[in-house]
Each structure stands twice: as structure tokens, then as C-alpha cells.
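Visitor: Take this structure, written in C-alpha cells, and hold onto it; I'll ask about it next.
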Amino acid sequence: MPKIKTLLFGGGEIHDWRACTDAAEAALTEAGHFDVTRVNEDLDCLTAPNLDPYEVIVFYYTIGEITGPQRDGLLGFVASGRGYVGIHSAGDSFRECPEYRAMVGGWFVTHPHYRDYQVSVLDAEHPITEGLDEFMVRDEQYITDYDPRNHVLATALYQGIARPVAWTKPWGSGRVFYLALGHDGPACQNSYFKTLLQRGTVWAARG
């Protein structure tokens, strides 16, 4: 089977997106399933038809503004049957764009201090989380508001309530995978982060 044509995009404010995108690129390359093209900062890569060569986009970004053509290019790309993988602060991108939030399926609300916490897998039969159960991470836990129709794959407790760590959802004919892990370079070195990213990108690309 040919390798998955993958666009890895990094940029934005606040987070160390270079370290995180470096780690994501290394994890995808290590998996051996992906033909990775990387773009830093240039959101015009989202404008149609620039995404046409790819099967999936892996997205690490924070805050920022998206133009109409960039928004339409990204949303149309996924809706046409391709995949989107949002890492961590992708849930806090383009705050003024409700269409982007709808595609991702949720948005950042708050976070506790960077700490160790346990992630529990809810669906151990899904291709992304198959065979996984519970594991520990040291990361910034993103607390999100989210669409209740999302298929939540994993959660972690915050103030006694299970909050999503990973979910999937459809967007048109395409597939969205959101992974709340990955605040910084060390967090992106976690073996479970790598596994979920690798599997999630395959799933988003090809189902």
C-alpha cells in the first residue's frame, strides 16, 4: 500500500510549536506509513487547491486568524473525504471562526497546571485506541467544551469529572481526530502520544 500523503502544519502563538511539530514529524516518520510534507506558519497552504495532493492534514497551531479562502480550503478538503488531525492547541485556534470549531468538534476552555495525570480509554476496540486501557502522562490537560455527538475515545479527570482527551467525528465525507495531549516537546515524546498520533493519522486518512 502506498504511503499516506500527509501535510504536517505547525505555527501560532504561546506554545513551542516547533518542538511539538518536530516530535510529531519524528513520530510519523518512525511509523513508516506516511509521506510527510511540513509547512510552518504559512496558512495560505490551506487555500484551495493547495491541499489537493494530500490525504490528511496534521495540525498544531494556537490562536491566530484564518481568512475566508483559508477556512473554505481546509473545511472543504476534509469534507471531500480526507482527514484532519488536531493536536492539543488546535482546539484553541481561530477563536472567531465558528465553522472551524464545528469541524474540530470542540474548543479550549481552561487548563490546570502542567502535571502528571491518568488517561482512561473508553473504547478499546476503535482502531486508534485498540488494546489500550489506562496510562499516565505528564502534560497540560486541555479542558474543552465539545459536541456531545463526538465519539470520545479517552478521558481524564478534572475536578471529579471525566473530560475528553481524544475523540473522532465526521465532517462531510471526511474524518476528524482530535488529541488534547501534546503541550510541549517532552509531552510529545510520550509513547502513548506517539501511538495515538500515528494511529489517529492513519484512521483520519483512510478510515
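Using this note's numbering, you'd call the opening residue of the sequence shown number 180 and step up by one each time. Glycine included, each C-beta is placed from N, C-alpha and C at the ideal position.
Going by other Cβ atoms of all chains shown within 10 Å of its Cβ, with 16 needed for buried, is Ile183 buried or exposed?
Guide: By one-based count along the sequence shown, residue 183 stands at place 4. Buried is the call here.
Visitor: Quick one: what does DSSP say Gly262 is sitting in, helix, strand or coil?
Guide: Residue mapping note: residue 262 aligns to position 83 of the sequence shown, counting from 1. Three-state DSSP puts Gly262 in a strand.
Visitor: Our contact map puts Thr185 next to Tyr233 with C-beta atoms below 8 Å; I'd like the distance itself, whole angstroms only.
Guide: Counted from its first residue, the sequence shown places residue 185 at position 6. Counted from its first residue, the sequence shown places residue 233 at position 54. That belief holds up - the Cβ atoms of Thr185 and Tyr233 are roughly 6 Å apart, short of 8 Å.
Visitor: Can you look up Gln338 in the DSSP assignment and give me helix, strand or coil?
Guide: If you number the sequence shown from 1, residue 338 lands on position 159. It is coil, neither helix nor strand.
Visitor: Would Tyr357 pass as a contact of Gly270 if the rule is Cβ separation under 8 Å?
Guide: Locating residue 357 in the sequence shown gives position 178, where the first residue counts as 1. Locating residue 270 in the sequence shown gives position 91, where the first residue counts as 1. Contact flag set, yes.
Visitor: Between which two residues does the beta strand (DSSP E) containing Leu358 stretch?
Guide: Within the sequence shown, the letter at position 179 stands for residue 358. Per DSSP, Leu358 belongs to the beta strand (DSSP E) from 353–358.
Visitor: Can you say whether Met315 is buried or exposed, counting buried as having 16 or more other CB atoms within 10 angstroms of its CB?
Guide: Position 136 of the sequence shown, counted from the start, is the residue given in the question as residue 315. Classification of Met315: exposed, given that the 10 Å Cβ count is below 16.
Visitor: What residue does the alpha helix (DSSP H) around Arg385 start on, and which one ends it?
Guide: Your numbering for residue 385 matches position 206 in the sequence shown. Arg385 -> alpha helix (DSSP H) spans 370–385.
Visitor: Measure the alpha-carbon distance for Gly351 versus Tyr321 and round it to whole angstroms.
Guide: Taking the sequence shown and counting its residues from 1, one reaches residue 351 at position 172. Taking the sequence shown and counting its residues from 1, one reaches residue 321 at position 142. Each residue's alpha carbon lies about 26 Å from the other.
Visitor: At which residues does the beta strand (DSSP E) containing Asp201 begin and terminate?
Guide: To locate residue 201, count along the sequence shown from 1; it is residue 22. It is not in any beta strand (DSSP E) - Asp201 instead sits in the alpha helix (DSSP H) that spans 196–210.
Visitor: Could you tell me the boundaries of the alpha helix (DSSP H) in which Glu313 lies?
Guide: One-based indexing of the sequence shown puts residue 313 at position 134. Note, Glu313: premise wrong, no alpha helix (DSSP H); beta strand (DSSP E) at 313–318.
Visitor: Using the three-state DSSP reduction, which class does Leu187 fall into: helix, strand or coil?
Guide: Position 8 of the sequence shown, counted from the first residue, corresponds to residue 187. In this structure, Leu187 counts as strand in the three-state DSSP scheme.
Visitor: Any idea if Ser259 is buried or exposed, counting beta-carbon neighbours within 10 angstroms, 16 or more meaning buried?
Guide: On the sequence shown, residue 259 is found 80 positions in, with the first residue counted as 1. The residue is exposed, with fewer than 16 neighbouring Cβ atoms inside 10 Å.
Visitor: Go ahead and label Gly191 buried or exposed: buried means 16 or more other beta carbons lie within 10 angstroms of its beta carbon, across all protein chains shown.
Guide: Translated into positions along the sequence shown, residue 191 becomes position 12. Per the 10 Å Cβ criterion, buried.
Visitor: Does the separation of the CB atoms of Thr323 and Phe287 fall below 8 Å?
Guide: Within the sequence shown, the letter at position 144 stands for residue 323. Within the sequence shown, the letter at position 108 stands for residue 287. Going by C-beta atoms, Thr323 is nearer than 8 Å to Phe287.
Visitor: Based on the DSSP output, what are the partners of His330 in its beta bridges?
Guide: Here residue 330 is taken as the residue at index 151 of the sequence shown, counted from 1. Paired residue(s): Thr347.
Visitor: Smallest Cα separation from Lys348: which of Asn219, Gly262, Glu278, Phe238?
Guide: In the sequence shown, the residue the question calls residue 348 occupies position 169. If we check each option's Cα against that of Lys348, Gly262 comes out closest.
Visitor: Between Arg274 and Arg385, what straight-line distance do the alpha-carbon atoms span, to the nearest angstrom?
Guide: In the sequence shown, residue 274 corresponds to position 95, counting from 1. In the sequence shown, residue 385 corresponds to position 206, counting from 1. Straight-line Cα distance between these residues: approximately 29 Å.
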